[in-house]
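Note sheet for the following structure.
There are 2 protein chains.
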Amino acid sequence: MSDLLERLRGRGWRLTAQRRVVAEVLDGDHVHYTADEVHARASERLPEISRATVYNTLGELVSLGEVLEVSTDGRAKRYDPNAHHDHQHLVCSRCGTIRDVHLQGDPLSALPEPERYGFQVSEVTVTYRGLCPNCSTA
Amino acid sequence: MSDLLERLRGRGWRLTAQRRVVAEVLDGDHVHYTADEVHARASERLPEISRATVYNTLGELVSLGEVLEVSTDGRAKRYDPNAHHDHQHLVCSRCGTIRDVHLQGDPLSALPEPERYGFQVSEVTVTYRGLCPNCSTA
DNA sequence: ATCCTACATTGGACAATGTCTAAGTCAAGA
DNA sequence: TCTTGACTTAGACATTGTCCAATGTAGGAT
Numbered sequence: 001m002s003d004l005l006e007r008l009r010g011r012g013w014r015l016t017a018q019r020r021v022v023a024e025v026l027d028g029d030h031v032h033y034t035a036d037e038v039h040a041r042a043s044e045r046l047p048e049i050s051r052a053t054v055y056n057t058l059g060e061l062v063s064l065g066e067v068l069e070v071s072t073d074g075r076a077k078r079y080d081p082n083a084h085h086d087h088q089h090l091v092c093s094r095c096g097t098i099r100d101v102h103l104q105g106d107p108l109s110a111l112p113e114p115e116r117y118g119f120q121v122s123e124v125t126v127t128y129r130g131l132c133p134n135c136s137t138a
Numbered sequence: 139m140s141d142l143l144e145r146l147r148g149r150g151w152r153l154t155a156q157r158r159v160v161a162e163v164l165d166g167d168h169v170h171y172t173a174d175e176v177h178a179r180a181s182e183r184l185p186e187i188s189r190a191t192v193y194n195t196l197g198e199l200v201s202l203g204e205v206l207e208v209s210t211d212g213r214a215k216r217y218d219p220n221a222h223h224d225h226q227h228l229v230c231s232r233c234g235t236i237r238d239v240h241l242q243g244d245p246l247s248a249l250p251e252p253e254r255y256g257f258q259v260s261e262v263t264v265t266y267r268g269l270c271p272n273c274s275t276a
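Okay, structure coming up:
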């Protein structure tokens with residue numbers, strides 16, 4: 001994702017300090033931050049960055065297909081920088097940790113034609129839930 | 139679900155007018171209401187019912203396994219009375235309509251052992267998204 | 001190198017959803 | 001019928017996200 005900024009500039013993005021910092025935060029550890037977590041980390045490098053800008057920038061990155069939006073619970077959405085690699089998620093039902101996982105086969109094929117009710121199905125998300133090793137012993 | 143109230147009484151539930159009305163709303167059309175939609179419909183029959191009670195009651199029904207909580211977008215959770223029949227969801231990405239669908243095969247088997255990272259996986263939710271017949275023509 | 005201007009940022013108000021609490025009410029067993 | 005602990009209520013509060021008018025600035029034009 002190191003060339004993300006170049007790709008974005010190529011698409012006419014104006015490159016500001018704020019956007020750069022948000023992109024760098026996502027590019028760091030491969031975890032799934034909430035918008036406010038991104039804001040907190042971005043603020044460490046650029047203290048005056050505002051919440052609104054972080055929300056705006058995340059929304060733009062999602063629209064551009066550079067980042068995925070994940071809502072595993074009814075709480076805050078999380079942002080997944082791993083957008084160019086098809087995957088699904090495994091979530092700990094106690095602590096909320098998320099791991100990327102890769103499936104065998106295409107989950108689209110599990111939905112028979114008569115179960116599609118005339119929809120043009122274009123996307124599937126699969127979420128596995130259970131206790132992570134840490135939480136299952138505690 | 140007509141014997142739902144009996145099952146709940148058997149579990150020590152105190153049977154109040156409010157709880158009865160919430161259960162009846164869910165038992166009606168098989169749709170997926172948000173908490174506030176349930177509250178609006180419950181208010182038609184019992185005008186003084188409070189939001190807090192609806193939220194409480196829905197939470198209890200979920201804990202008891204009588205109703206499923208579904209969060210398809212980052213918005214309000216929806217409540218699915220079809221809890222005793224294994225199924226997944228098909229969501230219209232434009233208007234948000236939800237349909238219950240039934241899959242071929244067990245989606246759990248699509249997650250290979252090495253991709254489980256030591257989690258005790260206990261649940262899978264699969265969400266298909268696309269345009270419903272109505273929205274794809276408009 | 002400087003200027004222009006359209007685009008970006010800011011802070012704070014607002015909106016949507018959900019949670020909590022203290023005080024009053026009531027279902028159901030004794 | 002009485003009693004009591006569970007239930008309900010209204011509204012304050014919390015969390016997450018959106019919007020807007022005022023201000024700032026990146027990057028092309030000169």
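Those sequence lines, one after another, are chains B and L.
The first sequence begins at 1 in the working numbering and counts up one residue at a time.
The second sequence begins at 139 in the working numbering and counts up one residue at a time.
We put the beta carbon where it would ideally sit given N, CA and C, even for glycine.
Fair warning: this is a prediction, and the values are worked out from it, not measured in the lab.
Give the residues of chain B in contact with residue i, contact being defined as C-beta atoms less than 8 Å apart.
i: D211(L); result: S71
i: P185(L); result: Chain B residues near P185(L): none, gap ~28 Å exceeds 8 Å.
Just curious, the beta strand (DSSP E) that residue i is in, first and last residue?
i: T97(B); result: No beta strand (DSSP E) contains T97(B), which DSSP labels as neither H nor E.
i: R216(L); result: R216 to D218
For residue i, does the three-state DSSP call read helix, strand or coil?
i: V264(L); result: strand
i: R147(L); result: helix
i: M1(B); result: Any answer about M1(B) is weak, because its pLDDT of 47 lies below 50 and its placement is not dependable; what the coordinates show is given next. Three-state DSSP puts M1(B) in coil, outside helix and strand.
i: V140(B); result: Chain B is shown only over 1 to 138; residue 140(B) falls outside these bounds and no answer can be derived.
i: L68(B); result: strand
i: H84(B); result: coil
i: L111(B); result: coil
i: L46(B); result: coil
i: Y193(L); result: helix
What does a CB cutoff of less than 7 Å around residue i pick up in its chain, not counting 5 residues either side in sequence?
i: R45(B); result: V21
i: M1(B); result: In this prediction, M1(B) has a pLDDT of 47, which is less than 50 and means its spatial position is unreliable; what the coordinates show is noted afterwards. Closer than 7 Å at the Cβ level, and outside the excluded window around M1(B), lie D27 and P81.
i: L103(B); result: Q88 and V126
i: P250(L); result: none
Can you list the residues of chain L that residue i reaches, using a CB-CB cut of under 8 Å?
i: C95(B); result: Within 8 Å Cβ-Cβ: nothing; C95(B) doesn't reach chain L, min ~11 Å.
i: R129(B); result: V259, S260, E261, V262 and T263
Near residue i, what residues of its chain come up, given a Cβ to Cβ distance below 8 Å and the 5 sequence neighbours on each side ignored?
i: L202(L); result: L146 and R149
i: V205(L); result: L164, L196, L199, Y217, D218, P219 and A221
i: L142(L); result: A161, D165 and E204
For residue i, return the contacting residues in chain B, with the cut-off set at a CB-CB distance below 7 Å.
i: A248(L); result: L103, Q104, G105 and P107
i: L146(L); result: Residues of chain B passing the Cβ test: none, with the nearest at roughly 24 Å.
Less than 6 Å between C-beta atoms, sequence neighbours within five positions excluded: which residues of the same chain meet that for residue i?
i: R157(L); result: T195
i: R216(L); result: H170, T172 and V208
i: R129(B); result: V91 and S93
i: P245(L); result: V262 and V264
i: T275(L); result: none
i: I236(L); result: H170, H227 and V229
Residue i versus chain B: which residues are under 9 Å apart at the beta carbon?
i: S274(L); result: G118, F119 and Q120
Starting from residue i and walking both ways along the alpha helix (DSSP H), at which residues does that stretch end?
i: C132(B); result: That residue, C132(B), is in no alpha helix (DSSP H); it is neither H nor E in DSSP.
So which residues of chain L does residue i contact, with C-beta pairs closer than 7 Å?
i: R99(B); result: Y255
> Can at least three beta-carbon pairs, one atom from the stretch 47 to 55 of chain B and one from the stretch 181 to 201 of chain L, be found at a separation below 8 Å?
Replying inline: no
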